[in-house]
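A.B. asks: When the letters of the sequence shown are read in order and numbered with the working numbering, they come out as residues 431 to 764. Every residue gets a Cβ at the ideal spot worked out from N, C-alpha and C, and that includes glycine.
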Amino acid sequence: MTNRFLASVAFFLICLAGTAWAAGPVNLKGGEVKIIESPATDFTITTQGLNGRAEKLAPEATGKPFRLQYTANNTTAALTDKVVYKLADGTEHTVAVTIDPTASAPGFSGAVYDQSLRAVFLLFVLAVILESGLALVFNWKPFTDNLSPRAVRPLIAFIVAMLLVNLLGLDVVATLTNALNSSQLPVSTEGQVLTAMVIAGGSSGVNTMLVALGFRAVNTPANSIPKPPPEKAWLAIRAPQGRAVGDLFVFVGPPGSLSLLGIIKGRSKAGSILSWFLSDRGRLPIYGGLVVPTDKSVVVEVRGVDKEGVPLPPVTYGPLQFAKGALVDIDITL
431 MTNRFLASVA FFLICLAGTA WAAGPVNLKG GEVKIIESPA TDFTITTQGL NGRAEKLAPE
491 ATGKPFRLQY TANNTTAALT DKVVYKLADG TEHTVAVTID PTASAPGFSG AVYDQSLRAV
551 FLLFVLAVIL ESGLALVFNW KPFTDNLSPR AVRPLIAFIV AMLLVNLLGL DVVATLTNAL
611 NSSQLPVSTE GQVLTAMVIA GGSSGVNTML VALGFRAVNT PANSIPKPPP EKAWLAIRAP
671 QGRAVGDLFV FVGPPGSLSL LGIIKGRSKA GSILSWFLSD RGRLPIYGGL VVPTDKSVVV
731 EVRGVDKEGV PLPPVTYGPL QFAKGALVDI DITL
């Protein structure tokens, strides 16, 4: 009987030698670094944890043993993990880990970012809808021919955006502040005005906000201001009220070889309030400039008649040598 018992114990120990040993659970807080095991001999980590990082620390000069160190990830919810390591003799050991939520996780919570993204994305959607709807008006020929787009478009866009904001009761400023500070600010007129200004600024402006807040990594290209060709210049002629009546004929070219460049139908009224909102019919062209060469001198000449139909002495500018990429506006009174 004794021999049989000893044989059974020996067989049990032999089987047990190749099995994995499991240590009791080690508790950490999110972000904490802790020694979770001190093996007696050298070892190899075979299974890293999913919710943290395990690493082997070699013995120090002080004679400390091998150590298994674990760094827990920051978390807002309780997690469990396990690390498996193998000793030099082939025995595997498993260390169970429990991770408590971080007491005060750095930054804002996911809910704050979610609410902020929803608020800014709503601005983006409304800005796109406003742009698409007003494009019909802004591209209408009577609008483009009689009004100054750069002066009138922002005003119309703001008025329509303000109506939309009041209709929907939107105040994104209060929404973002409430999400970030957990406050309960009510909708305010100031916040609605600022919200309307952001929407009226267009989708590119809201996209800039998304990039600045880290919700987007790539910015869309901004609309560039039109410029003349690199090797050319832009010339514009503005005709204030003078003795001449009717059409003014503008000629441009090398001295002694002028060609008709265009006709001015009206007179410029620069300085008046309406001039900021109405297209300038006393300017050639109404917007932008006419391309002129930069590799030779040119002369600008304006011709017209008085109220009796008698030709007036032409007004001549030049010869002029334009720089590459120049934007030149000339006022000529005839």
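Specify whether the stretch 604–624 and the stretch 565–573 touch according to this definition: at least 3 beta carbon pairs, one from each stretch, less than 8 Å apart.
C.D. replies: no
A.B. asks: Any idea which residues DSSP pairs Gln499 with across the strands?
C.D. replies: Here residue 499 refers to the residue found at position 69 of the sequence shown. Answer by DSSP bridge pairing, in chain order: Ile465, Glu485.
A.B. asks: Can you list, in chain order, the residues of its chain with a C-beta nearer than 8 Å to that of Leu564? Leave out the 5 residues immediately preceding and following it.
C.D. replies: Reading the sequence shown from its first residue, position 134 is the one you call residue 564. Result list for Leu564: Arg583, Ile586, Ala587, Val590, in chain order.
A.B. asks: Taking the alpha-carbon of Thr524 as reference, which of Gly686, Tyr500, Val682 has the nearest alpha-carbon?
C.D. replies: Stepping through the sequence shown from its first residue, residue 524 is reached at position 94. Answer by Cα proximity: Tyr500.
A.B. asks: Would you call the CB atoms of Ile694 and Leu678 closer than 8 Å?
C.D. replies: Numbered from its first residue, the sequence shown carries residue 694 at position 264. Numbered from its first residue, the sequence shown carries residue 678 at position 248. Against a cut-off of 8 Å, the Cβ pair of Leu678 and Ile694 comes out as a contact.
A.B. asks: Roughly how many whole angstroms lie between the Cα atoms of Ala626 and Glu561?
C.D. replies: For this step, residue 626 is matched to residue 196 along the sequence shown. For this step, residue 561 is matched to residue 131 along the sequence shown. Rounded to the nearest whole angstrom, the CA to CA distance from Ala626 to Glu561 is 13 Å.
A.B. asks: In angstroms, rounded to a whole number, what distance separates the CA positions of Ile466 and Val456?
C.D. replies: On the sequence shown, residue 466 is found 36 positions in, with the first residue counted as 1. On the sequence shown, residue 456 is found 26 positions in, with the first residue counted as 1. Cα to Cα, the separation comes out at about 7 Å.
A.B. asks: Roughly how many angstroms separate the alpha carbons of Thr607 and Ser613, rounded to a whole number?
C.D. replies: In the sequence shown, counting from the first residue as 1, residue 607 sits at position 177. In the sequence shown, counting from the first residue as 1, residue 613 sits at position 183. If I take the Cα positions, the gap works out to 7 Å.
A.B. asks: The ligand FAD and Lys486: does the residue's C-beta get closer than 7 Å to at least one heavy atom of that ligand?
C.D. replies: With respect to small molecules bound, the structure shown includes none, and the ligand FAD cannot be examined in it.
A.B. asks: Reducing DSSP to helix, strand and coil, say where Lys620 ends up.
C.D. replies: Indexing the sequence shown from 1 puts residue 620 at position 190. The residue you asked about is not Lys; residue 620 is Glu in the sequence shown. Three-state result, Glu620: helix.
A.B. asks: If you count every other CB in all the chains shown that lies within 10 Å of the CB of Val463, and 16 or more means buried, which is it?
C.D. replies: Within the sequence shown, residue 463 is the residue found at index 33, counting from 1. Classification of Val463: exposed, given that the 10 Å Cβ count is below 16.
A.B. asks: Relative to the C-alpha of Lys516, which residue among Ala470, Ile475, Asp736 is closest?
C.D. replies: Here residue 516 refers to the residue found at position 86 of the sequence shown. The shortest C-alpha separation from Lys516 is found at Ile475.
A.B. asks: Give every residue of the same chain whose Cβ lies closer than 6 Å to the Cβ of Thr528, excluding the five residues on either side of it in the sequence, and list them in chain order.
C.D. replies: By 1-based counting over the sequence shown, the position of residue 528 is 98. The answer, listed in chain order, is Pro455, Asn457, Thr510.
A.B. asks: The beta strand (DSSP E) with Ala508 in it runs from where to where?
C.D. replies: Reading the sequence shown from its first residue, position 78 is the one you call residue 508. Here Ala508 belongs to no beta strand (DSSP E), and DSSP marks it neither H nor E.
A.B. asks: My assumption, with CB atoms under 8 Å, is that Ala604 sits in contact with Leu594. Please give the rounded CB distance.
C.D. replies: The sequence position of residue 604 within the sequence shown is 174, counting from 1. The sequence position of residue 594 within the sequence shown is 164, counting from 1. Ala604 to Leu594, Cβ: 17 Å. No contact.
A.B. asks: The alpha helix (DSSP H) that contains Thr769, what's its start and end?
C.D. replies: As shown, the chain starts at 431 and ends at 764. That puts residue 769 outside it, with no answer to give.
A.B. asks: Go through its chain and collect everything with a Cβ distance to Val663's Cβ below 6 Å, but skip five positions before and after it.
C.D. replies: Within the sequence shown, numbered from 1, the residue matching residue 663 stands at position 233. Checking the displayed sequence, the identity of residue 663 turns out to be Ala instead of Val. Closer than 6 Å at the Cβ level, and outside the excluded window around Ala663, lie Val722, Thr724, Phe752, Ala756.
A.B. asks: Could you compute how far the alpha carbon of Arg548 sits from the alpha carbon of Asn504?
C.D. replies: Taking the first residue of the sequence shown as position 1, residue 548 is located at position 118. Taking the first residue of the sequence shown as position 1, residue 504 is located at position 74. When rounded, the separation of the alpha-carbon atoms in Arg548 and Asn504 is 25 Å.
A.B. asks: Grab me the residues of Tyr747's own chain with a C-beta within less than 8 Å of its C-beta, minus the 5 sequence neighbours each way, in chain order.
C.D. replies: Here residue 747 refers to the residue found at position 317 when the sequence shown is read from its first residue. Taken in chain order, the residues that qualify are Val729, Val730, Glu731, Ile760, Ile762.
A.B. asks: What is the DSSP secondary structure of Phe752, reduced to helix, strand or coil?
C.D. replies: In the sequence shown, the residue the question calls residue 752 occupies position 322. The DSSP-derived three-state label of Phe752 is coil.
A.B. asks: Could you give the first and the last residue of the continuous beta strand (DSSP E) run that contains Trp664?
C.D. replies: Position 234 of the sequence shown, counted from the start, is the residue given in the question as residue 664. Taken as a continuous stretch (DSSP letters only), the beta strand (DSSP E) holding Trp664 covers 663–668.
A.B. asks: Applying the criterion that 16 or more other CB atoms from any shown protein chain within 10 Å of the CB defines a buried residue, is Gly686 buried or exposed?
C.D. replies: Working through the sequence shown from its first residue, we reach residue 686 at position 256. Exposed: under 16 other Cβ atoms inside 10 Å.
A.B. asks: Pull up the DSSP beta-bridge partners for Pro659, would you.
C.D. replies: Within the sequence shown, residue 659 is the residue found at index 229, counting from 1. Paired residues: none, contrary to the question.
A.B. asks: For Leu764 and chain B, any beta-carbon pair shorter than 8 Å?
C.D. replies: Note that chain B does not occur in the displayed structure, where there is just one protein chain.
A.B. asks: Can you list the beta strand (DSSP E) stretches of 3 or more residues lying completely in the stretch 670–703, in chain order?
C.D. replies: 675–683, 689–694
A.B. asks: Less than 8 Å between the CB atoms is what I'm expecting for Phe473 and Leu487, so what's the real figure, rounded?
C.D. replies: If you number the sequence shown from 1, residue 473 lands on position 43. If you number the sequence shown from 1, residue 487 lands on position 57. Going by Cβ atoms, the distance from Phe473 to Leu487 rounds to 11 Å, so no, they are not a contact pair.
A.B. asks: Going straight from the alpha carbon of Ala502 to that of Ser468, what length do you get?
C.D. replies: Walking along the sequence shown from the start, residue 502 turns up at place 72. Walking along the sequence shown from the start, residue 468 turns up at place 38. So the alpha carbons of these two residues sit roughly 18 Å apart.
A.B. asks: Can you list, in chain order, the residues of its chain whose CB lies under 7 Å from that of Ala674, leaving out five sequence neighbours each side?
C.D. replies: The residue you call residue 674 lines up with position 244 of the sequence shown. Excluding positions up to five away in sequence, the list reads Gly734, Val735, Asp736, Leu742, Leu764.
A.B. asks: On the criterion of 16 or more Cβ atoms from any shown chain inside 10 Å, does Asp601 qualify as buried, or is it exposed?
C.D. replies: The residue given as residue 601 occupies position 171 in the sequence shown. Looking at its Cβ environment, which holds 16 or more other Cβ atoms inside 10 Å, Asp601 is buried.
A.B. asks: What residue from Gly676, Glu522, Asn611, Gly631 has the CA that sits closest to Glu738's CA?
C.D. replies: Position 308 of the sequence shown, counted from the start, is the residue given in the question as residue 738. Comparing Cα positions, the closest option is Gly676.
A.B. asks: Could you check how far apart the C-beta atoms of Ala773 and Arg711 are, in whole angstroms? I think they sit under 8 Å.
C.D. replies: Residue numbering for the chain in the displayed model covers 431 to 764; residue 773 lies beyond these limits and cannot be assessed.
A.B. asks: Alpha carbon to alpha carbon, how far is Gln783 from Arg697?
C.D. replies: This structure leaves residue 783 out entirely; the chain is present only between 431 and 764.
A.B. asks: Considering Cα atoms alone, identify which of Ala507, Ser546, Gln478 is closest to Val513.
C.D. replies: Position 83 of the sequence shown, counted from the first residue, corresponds to residue 513. Looking at the Cα atoms, Gln478 is the closest of the given residues.
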